[in-house]
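> The structure follows.
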Amino acid sequence: MKKIYSFSIALILSISLMAQEANQVFKAAGTPVNPKVQASWNRYYDHAGITALCKKIAAAYPDLAKLTSLGKSYAGRDLWCLTITDFKKGNELQKPGMYIDGNIHSNEIQGAEFALYTAWYLTESFGDTKFIQELLTDKVFYIVPSINPDGRDSYMHQPNTASSPRSGVKPVDNDGDGLVNEDWYDDLDGDGHITMMRRKNINGRYKLDPRDSRNMVMVGADEQGDYELLGMEGIDNDGDGRVNEDGYAFEYDPNRDWGWGWQPNYIQNGAYKYPFSIPENRAVMEFVMKHPNIAAAQSYHNAGGMILRGPGASADVTTYNSQDVAIYDAIAKKGEELMPGYKYLVVYKDLYSAYGGELDWFYAGRGIYTYSNELWTPYLMFMKESTRSPFDNSSYNFDKYLLFKDGFVDWKEYDHPQYGKVEIGGFKKNFGRAHPGFLLESDAHRNMAFSIYHSYHTPKLSISEIKEKDLGDGLTEVTAVIANERLMPTHSSQDVKNKIERPDYITLNTTAKIVAGMIMTDKDLNLSKIQKNNPSTIEVNNIPGLGTVTVKWIVEGKGKYTVNVDSKKGGIATNIK
Amino acid sequence: MKKLFLMACFLPLIGQIKAQQYPTLQEQQNRLTLLVKNNPKWVSIQSLAKTSGGKDIWVVTLGTGKPETKPAIAVIGGVEGTHLLGTELVIQFAEKLLKQIDKDSVQKLLSENTYYLFPNMSPDAMETYFSKLAFERLGNANNTDDDRDGKTNEDTFDDLDGNGKITMMRIESPVGIYKLHPDDPRVLIKADISKGEKGKYLLLSEGIDNDKDGQFNEDGVGGIHFNKNLTYKHKTFSAGAGEFPVSEIETRALLDFLYDAFNVYAVVSFSSLNNLSANDDKITTVVSELYNKTMGAKDAPKPTAEGGDFMSWAYQHYGRFSFSTPGWWVPKAKPDTAKKEKAFTVVDATANYLRWSAQQGLNHFTEWKTVQHPDFPNQVVQVGGVDPYVMINPPYKMVDSIASKHTMFLTKLVSLKPQVVIQKIETQKLSNGLTKITIDVSNAGMLPTHSKFADRNYFVKRLKVALQLNDKQQLIGGKKLELLNNMEPHTMQQFSWIVKGTGSVTVETGSPAIGLTTKAISLQ
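Top line first, the protein sequences correspond to chains A and B.
Residue 486 in this note's numbering sits at position 486 of the first sequence, and the numbers go up by one each step.
To convert a position in the second sequence, counted from 1, into this note's numbering, add 577.
See below:
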């Protein structure tokens, strides 16, 4: 106990030492001017780095941020979750929740920084930004920077390409030969990056790109080439005649492991044993099941500049019905405005078909409106359309003129045990999918703004009207109108259809006797549906977004009363009369 | 309080009566422990997990040496919590086999093969058989909101006639769709409206609409059913299935074990599903023939799988041969001419059961008796019907002979397994120090080496044909490692290599599920 105490003192001391003197700085609009937690958003953090930042934020803002671990990863790393809300106002579990995670794929790292930036920004801006104060009164954010910390560290600390590893580190015998991870990439030149191997060959189909000699382009159909490409840096370690065929880069896909529409690996490549058979995903699932207040969710991937919604597979086209799609559309269209270069797309038809994805479980399995953003787009290089293709020269130009060739390993000769004299070179693992430093903070901010808009439109309930009418004989009719001031309903259509979450409860608390309770199907024409039992608490399936629900009670005798609304995803509202 | 105390006094007595029927969970466990104690060389047991009800999920390994290196059959009981027979068949298989462990044939069987036995996948549910209020429970001890109204277990069965069992209730009603069976008025059957028939009764399970929602007994104790909780065609959100597949501790415990057991090639489970006596799959007809010959039983029911079931999972997703049988079903009862019975004019399972059980001298029927029912104040409500469990499980005294036949089937099943052998080896000297090796590999078993869905499944190992050389030998022609997706029974494939060097090389063939064999070949 004493140790923890002295630790936090040291922490506070070090925080105050790090902050800039207030008179030395001038506020840039929309950014915390003198943050308590000093953090650079132009670089990446490994798991230890993320852990340190999470702890600093929680220590600096105990009334706004709480740090918990959702559980341990396969290799025993904590899955940190920052709960961000105004803890002084209301109960966290009675506020609509916005869940954000990143890094489900090991190499798709910047999601963690984007998520963490959100936690940092919300806490640091709370003091002087009225909008954030109101937001944190109404809502709660659950921010899990990395739901795959083992994979994150293996990407950063092991030799890799920009695309490896995709999976976590639980070993799998991918080629079914009974051996595990026996033939993986080899960092032949020892620079921590797995790049390409090429060999001079007059029968090859490649030549040097005249626009930038670092690039290889295919020769014309009637042209002779100078080089052949031999694939990624590696050797045939197990002597089975194949190179790099069983490594840890693709053991399984953590994003094919979720409990909706799950299919085994011979149908859905990358699926593991059964839904949530990956321990990290299991921890997230358990957290979500215990937090029915989560109404919206965001998961961060890379790359391509996309705001994705489900369905992941065409089998679920009707699962995403038109009412829910309208809400998805409205929020994502705003996202396209906030994040230039990002396009709103649907996974199964615009990308590829995938079963058992996270976003489908969140939506179809739990009724939560969820997007996956594919972070970083080549558009951001020159603020115009371009591609990641090696045959598009813009990557080389961007590296040359804006990164001063820091994104590329120059071709160098190497004596390969199987291929003989080859050359090794190519883009580094931190180029192409991860943001370059100077663009990281700006895109993190835009994506955060999208999540804030998303969370803002989770339900906000209020009791907009209470009317009494004397019916004579000591009877009173009490009519209450419950309003939802935001876009999202308290239950998505998928939720209503499958009764995922319990109904919303509208309760009349009074000392008088309540003889009947009903939902008004048409208030003006006096049409109603009478509730069978327990008239004091009326159960409604849903309170629509930007809409109202009207209920009516018949009360015998006089008394004070209050009307309460209690919704799992919509929060609570009370009106005292 | 006083009433409870009285009940408690009677409990041990009730327990005793039940013990004469099927053994309790504690007795099941004691028998497993005894097996290990008496046969430590051949049996081991391990608790894989504890269910939400605190019950152990046992795996019993029959085998010796390194059981994980030998071709294995997994045998699963308690797939449905009402199926006490299945659990008995699994435990008695072990008991009956080990009783003969002094025989050379049994020692050979357990030296060359492994059996993984999972006697009871539904211990939480099965306990209800022994409880003071018996009803056919399938769900585990998790509290679930079966009707998804936001409340859990708010409308459970009620023992209206106080006989300690949940049977049925019939209510005379103008909207009733049931009528009396023409040949046995104790039985209710659906009126055929298309033929102008009129119903007289509503037929519901015994109970009160406790939560007054218009439905009866729709959300009682009992959570997730093991046999609805698997991944193949899981019915997410439906009662007993779970919020997603494999949500339960016991389901995960079994799957985690099996996915790591690469030596398993076949799974035999005891459940209401039946593809053993009635089998549409030509590849495994040979197994069904063996089963039907061993059992000598007819008229097997063939219910349709309803999604999330274990039998389908083992085949479709686990990628192994999967067989299921109820192990016993109510035989078709012949009319008793002495009693002037005639063949039924309407075929009905309950009517057939009553006729059969009478012939066996059994009486498991509670006569319809009028009760006062709060939900039907001005209607005639009667409670009665066939006891729970008796149509699914035979009288305990019959179990011994059923278990003997299943023991025979399970021991004979290994003779059908795929067997990869090197039939012929030819070596030819091409030049000095250069040898061409040709081998013929065949599957001499009765089943393919891989089932239909084993293809491309990470959790099934390929059939390997591998050449192993020493440092001084060199492979000049051919592939060092061949991985085959499948080899049909009675087929052969040829492999050849050219090797430079002297001495001998080794060829390894097989897979964990088939067994791995190595053979040394001398170079010319």
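The beta carbon of each residue, even a glycine, is placed where N, CA and C say it ideally should be.
Hey, out of VAL948/B, ILE1016/B, VAL1082/B, whose CA is closest to PHE1072/B's CA?
Residue ILE1016/B is the option with its Cα nearest to PHE1072/B.
> Contact criterion: CB-CB distance below 8 angstroms. Does ARG747/B meet it with respect to chain A?
So, not an interface residue.
> Can you grab the Cα-Cα spacing for the pair TYR227/A / HIS416/A, in whole Å?
If you take the alpha carbons of TYR227/A and HIS416/A, they lie about 16 angstroms apart.
> Kindly indicate if chain A contains any beta-carbon less than 8 angstroms away from that of PRO822/B.
Yes, contact with chain A.
> Taking a contact to mean a Cβ-Cβ separation below 8 angstroms, would you say THR741/B touches ALA711/B in this structure?
Note on residue identity: the sequence assigns Gly, not Thr, to residue 741/B. Yes, the pair counts as a contact, with Cβ atoms nearer than the cut-off.
> Can you give the Cα-Cα distance for ALA283/A and GLY71/A, rounded to whole angstroms?
Whole-angstrom Cα-Cα distance: 6 angstroms.
> Does DSSP classify MET381/A as helix, strand or coil?
Helix.
> Taking 8 angstroms as the threshold (C-beta atoms), are VAL1042/B and GLU1059/B in contact?
The answer is yes: Cβ separation under 8 angstroms.
> My guess is that TYR155/A and ILE109/A are in contact by the Cβ rule of under 8 angstroms, so how many angstroms apart are they, rounded?
Indeed they touch by this definition, with Cβ atoms about 6 angstroms apart.
> Is it buried or exposed for ASN265/A, if we count other Cβ within 10 angstroms and need 16 for buried?
Classification of ASN265/A: buried, given that the 10 Å Cβ count is 16 or more.
> Alpha carbon to alpha carbon, how far is ALA1097/B from GLU1085/B? Give it in angstroms, no decimals.
If you take the alpha carbons of GLU1085/B and ALA1097/B, they lie about 9 angstroms apart.
> If we define contact as Cβ-Cβ less than 8 angstroms, is VAL1082/B a contact residue for chain A?
No, no contact with chain A.
> Out of curiosity, what's the CA-to-CA distance linking SER566/A and THR319/A?
Reading off the sequence, residue 566/A comes out as Asp, not Ser. Between ASP566/A and THR319/A, the C-alpha separation is close to 27 angstroms.
> In terms of alpha-carbon separation, which member of TRP1074/B, VAL957/B, GLU657/B, GLN598/B lies closest to LYS805/B?
Comparing Cα positions, the closest option is GLU657/B.
> Under 8 angstroms between the Cβ atoms of VAL549/A and MET518/A?
No, they are not a contact pair.
> So the beta strand (DSSP E) ASP212/A belongs to, where does it begin and stop?
Residues 212 to 218.
> Going along the chain, which residues of its own chain have a beta-carbon closer than 7 angstroms to the beta-carbon of ILE1034/B, five neighbours each way excluded?
According to the sequence provided, residue 1034/B is Asn. The question's Ile does not apply to it. For ASN1034/B, where only same-chain residues beyond five positions count, the Cβ hits under 7 angstroms are GLY896.
> Starting from the beta carbon of ARG502/A, find every residue of chain B whose beta carbon is closer than 9 angstroms, and list them in chain order.
Neighbours of ARG502/A on chain B, chain order: ASP722, ARG725, ASP726, GLY727, LYS728.
> Roughly how many angstroms lie between the CA atoms of THR574/A and VAL481/A, to the nearest whole one?
Near 12 angstroms, if we compare the C-alpha coordinates of VAL481/A and THR574/A.
> Which residues in chain A sit within 9 angstroms of ASN1034/B, going by Cβ to Cβ distance?
Here the neighbours are GLY176, PRO264, ASN265, TYR266.
> Quick one: which chain A residues come within Cβ less than 8 angstroms of TYR836/B?
What TYR836/B touches in chain A: LYS273.
> Tell me, please, whether the CB atom of ASN498/A is closer than 8 angstroms to any CB atom in chain B?
Yes, ASN498/A lies at the interface with chain B (some Cβ there is under 8 angstroms from its Cβ).
> Rounded C-beta distance between GLY335/A and TYR348/A? I'm assuming under 8 angstroms.
Their Cβ separation, rounded to whole angstroms, is 19 angstroms, which puts GLY335/A and TYR348/A out of contact at 8 angstroms.
> How far does the beta strand (DSSP E) with ARG747/B in it reach, from first residue to last?
Per DSSP, ARG747/B belongs to the beta strand (DSSP E) from 745 to 749.
> Using three-state DSSP, classify LYS558/A as helix, strand or coil.
Coil, per DSSP.
> Would you say PRO254/A and ILE235/A are within 8 angstroms of each other, going by their C-beta atoms?
Contact flag unset, no.
> Counting only Cβ-Cβ distances shorter than 8 angstroms, please list the residues of the stretch 863 to 896 of chain B near chain A, keeping chain order.
Of all residues in the stretch 863 to 896 of chain B, GLN893, HIS894, GLY896 have a Cβ within less than 8 angstroms of some Cβ in chain A.
> Output the distance between the C-alpha atoms of ASN99/A and LEU179/A, rounded to the nearest integer angstrom.
Strictly speaking, residue 99/A in this sequence is Tyr, with Asn absent from that position. If I take the Cα positions, the gap works out to 39 angstroms.
> Please list the residues of the stretch 507 to 541 of chain A that have a C-beta atom closer than 8 angstroms to any C-beta atom in chain B, keeping them in chain order.
Answer set for the stretch 507 to 541 of chain A: LYS532, ASN533, GLU539.
> For the candidate residues GLN677/B, MET745/B, LYS673/B, whose alpha-carbon lies nearest to that of GLY962/B?
Minimum Cα distance to GLY962/B is reached at MET745/B.
> Taking ILE84/A and ALA112/A to be in contact with their CB atoms under 8 angstroms, please state how far apart those CB atoms are, rounded to whole angstroms.
Not quite, the Cβ-Cβ distance comes to about 16 angstroms (not below 8 angstroms), so this is no contact.
> When burial is assigned at 16 or more other CB atoms within 10 Å of the CB, is GLY204/A buried or exposed?
The residue is buried, with at least 16 neighbouring Cβ atoms inside 10 Å.
> Find the nearest neighbour of SER901/B within the set VAL923/B, HIS660/B, THR813/B, ASN615/B, judged by alpha-carbon distance.
If we check each option's Cα against that of SER901/B, HIS660/B comes out closest.
> Below 8 angstroms between beta carbons: does that hold for LYS89/A and SER455/A?
Taking 8 angstroms as the Cβ cut-off, LYS89/A and SER455/A do not qualify as a contacting pair.
> If you follow the alpha helix (DSSP H) that PHE986/B is in, where does it begin and where does it stop?
Per DSSP, PHE986/B belongs to the alpha helix (DSSP H) from 973 to 990.
> Given a cut-off of 8 angstroms on the beta-carbon distance, is the pair PRO995/B and ASN840/B in contact?
Going by C-beta atoms, PRO995/B is not nearer than 8 angstroms to ASN840/B.
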